[in-house]
Amino acid sequence: MLLCAACAMQAKERVIERPPFIAWNSTSIEIDKLVISDTATVAYIKAFYRPKFWIKIAKGSFLADPDGQLYPIRRGIGITLDEEFWMPESGEAEFQLVFPPLPENVTWVDFSEGDMEGAFKIWGIQLDKKAFYKRDLPKEAIVHKINKEAALPVPEFAYGKATVKGKIMDYREGMPQAGRLHLLEPLRWTSSLQEINIHEDGTFEVEIDVITTTPAIFSFPFAQVSCLLAPGKETKVLINPAEYCRQQSQLHKNAKPYGKKAYFEGYLAALQQELSDNTIKTNLAGNPRSHFDRIADKDANSVKEYFTELRRNTLQEIEKADMSRAAKEVLAANTDNTTAINILMADDMMKQAHMFTQKLNREQANEYYRDTRIEMPEDFYSVLKELSINTPANLYTPEFAYIALVARRYQELLQKTLGTSEGVLFQTMEALKYYRSIEDFTPLTAEQKATLDALPEPAYKELLTALNNELLRKIEENKKKSGFTVNEVGEVSNEELFSSILAKYKGHVLLVDFWLLGADPAAWPTKR
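Residues in the sequence shown are numbered consecutively from 29, following the numbering used here.
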């Protein structure tokens, strides 16, 4: 009798191992298993977070079914609700969350901690895995055949509007209603963030001024997708958050794909598809710390050989890939951009590598950084002549903005090494000089406006003129405002500016806000 009772109890349980899901807003918690019985729904959670940091599950957490019925959390097992749960050294942990039972006809649920800032949310947790895998993709999910002989078009310069029309697959009420467009253009790279409003049907549309082929990133809480924009061109993108999140998931990344993370139509759609699908890492400068163990306390030539070997290996991987000539050219150019960044900043990285691997404290690190000077061999930078960092193909790459900003510190060196002061890199560096003035809230002078004509591409002048006019408009608007006092500090050096501001308040308590308005590597001081 007891055996029969146990079998009957087990028969009433539904167990969904690693249920697929539509989207999430954090990679910190994942559902390893759902066990649904007549008495409870138990979510077996695996947490992935920084060691010795904490996460928390709110008492107000709940599951919600397609009809809007809520199933409030009852308790945690292995975790206390509303209390800090400290992650172990491994950065991984397990616990269970207990909810009321779910009706048999429910095919998916959402998990939410509520609407407070930072709340964990997982949308569309699938209770019927077979049905989910059999679902049809929308008609907009067009897969382009790769034309291996397709050449990369030379980007055209023109000041005009680029249009993006997008749609989020499986979008539903309760999912985030906004995202951002980040333009990876050298001039506005550190300041260009445009808000995106998502409509109820998951569609969105953006128009933005650009001057040539320009990479951009769409960032949502549940997905991040790169695309290419161009003046007068329309890009259509269908974003598949389920596949994007699967690729980010620790538990699902090796599972069967749910399609592509994005589908493209319109401007260079086939190329955009290839670049979106690419898994070859071409940003060799994205994580400097990853190089520290290899370059710490090595001589300059050994460091150069390390970075050039890294480049060679990446280019070989690109050449072997099943891609078009166009896609390979873009990936190779991005590899060269980031190799150049590593070479140009090698002396700085060598210092940082020593400080990191030797585990110097702050005082020791400051002293070492201040007192250490690394002499680079005379021919150290000659390798830059082998890199494609000054060609039109670079305009397609996401890291061209980064190399343009870094290169400003080394403009004279680059001119001497490359034997030219012309080309897209030098033209961009010249335009950056004018944009920095505008970004610093200083309108262009008559002399600067006159020299804009010297830029080889008129589109730069049109963009800079438009940005300058917008700055003048803001200044005039600000002049009309009241309720504050503007204090003049006079002619003082940058080093004395803060002391000059504080001088008139000597003997008083003063609250000061510090704002980081940009991240231009060319403006980095020697001592950080």
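Ideal placement from N, C-alpha and C gives every residue a C-beta, glycine not left out.
From a predicted model like this one, the values you see are computed outputs, not experimental measurements.
Taking C-beta separations shorter than 7 Å and ignoring five residues to either side along the sequence, the partners of R317 in its chain run F384, following chain order. A straight-line Cα-Cα distance of about 14 Å links L98 and A68.
Beta-bridge partners assigned by DSSP to F542: none are found. In the same chain as L343, and ignoring 5 residues on each side of it, the C-beta atoms closer than 8 Å to its own belong to A360, T363, in chain order. Taken through DSSP and simplified to helix, strand or coil, Q222 comes out as strand. If you keep only unbroken beta strand (DSSP E) runs of at least 3 residues inside the segment 38-92, you get 42-45, 57-64, 69-76, 90-92. Contact annotation: I44 and L62 have beta-carbon atoms nearer than 7 Å. One thing to note: L423 has its Cβ no nearer than 7 Å to the Cβ of P181.
Segment contact: the segment 261-280 against the segment 208-215, fewer than three CB-CB distances shorter than 8 Å; contact not assigned. Within the same chain, no Cβ atom closer than 6 Å to the Cβ of Q386 is found once the five residues on either side in sequence are excluded. Spatial neighbours of Q439 in its own chain (CB-CB distance under 7 Å, excluding positions within 5 residues in sequence) are listed in chain order as M457. At a Cβ-Cβ threshold of 7 Å, A244 and Y272 do not count as neighbours.
By the C-beta density criterion, R398 is exposed, having fewer than 16 other C-beta atoms within 10 angstroms. When secondary structure is reduced to three states using DSSP, R216 falls in the coil class, being assigned neither helix nor strand.
Secondary structure within the segment 299-335: the alpha helix (DSSP H) runs of 4 or more consecutive residues, fully enclosed, are 320-323 (chain order). For P47, the CB contacts under 7 Å within the same chain, skipping 5 residues up- and downstream, are I59, L62, I153, Q154, L155, K157 in chain order. L279 and E490 have their alpha carbons spaced roughly 50 Å apart. In this structure, A355 is the residue among K332, E345, A355 with its C-alpha nearest to the C-alpha of D305.
Between I371 and I431, the C-beta spacing is not below 7 Å.
Counting only the Cα atoms, K332 lies some 15 Å from N365. The segment 503-534 contains, as complete alpha helix (DSSP H) runs of 4+ residues, the segments 522-531 (chain order). Sequence-distant Cβ neighbours of A381 in its own chain, meaning closer than 6 Å and more than five residues away, are F320, I323, A324.
Annotated three-state conformation of F139 is strand, per DSSP. I417 and L472 have their C-alpha atoms some 29 Å from each other. Per the C-alpha coordinates, the member of R216, S220, A186, Q276 positioned closest to T241 is A186. Assigned with DSSP and collapsed to three states, H536 falls in coil, not helix or strand. In this structure, the alpha-carbon of L480 lies about 22 Å from that of T419. Counting the other Cβ atoms within 10 Å of the Cβ of F139 gives 16 or more, which makes it buried.
Inter-segment contact for the segment 293-304 and the segment 218-225 is absent: fewer than three beta-carbon pairs are separated by less than 8 Å. I73 is positioned such that its CB atom lies closer than 7 Å to that of F123.
Annotation: G104 to K326 spans about 51 Å, alpha carbon to alpha carbon. Comparing alpha-carbon positions, the option among L446, P484, M373 lying closest to G314 turns out to be M373. Residue pairing by DSSP puts F127 in a beta bridge opposite T69. Under the DSSP assignment, F454 falls in the alpha helix (DSSP H) whose first and last residues are 452-467. When only Cα atoms are considered, F90 and N175 end up about 49 Å apart. Bounds of the alpha helix (DSSP H) holding Y161 are 157-162.
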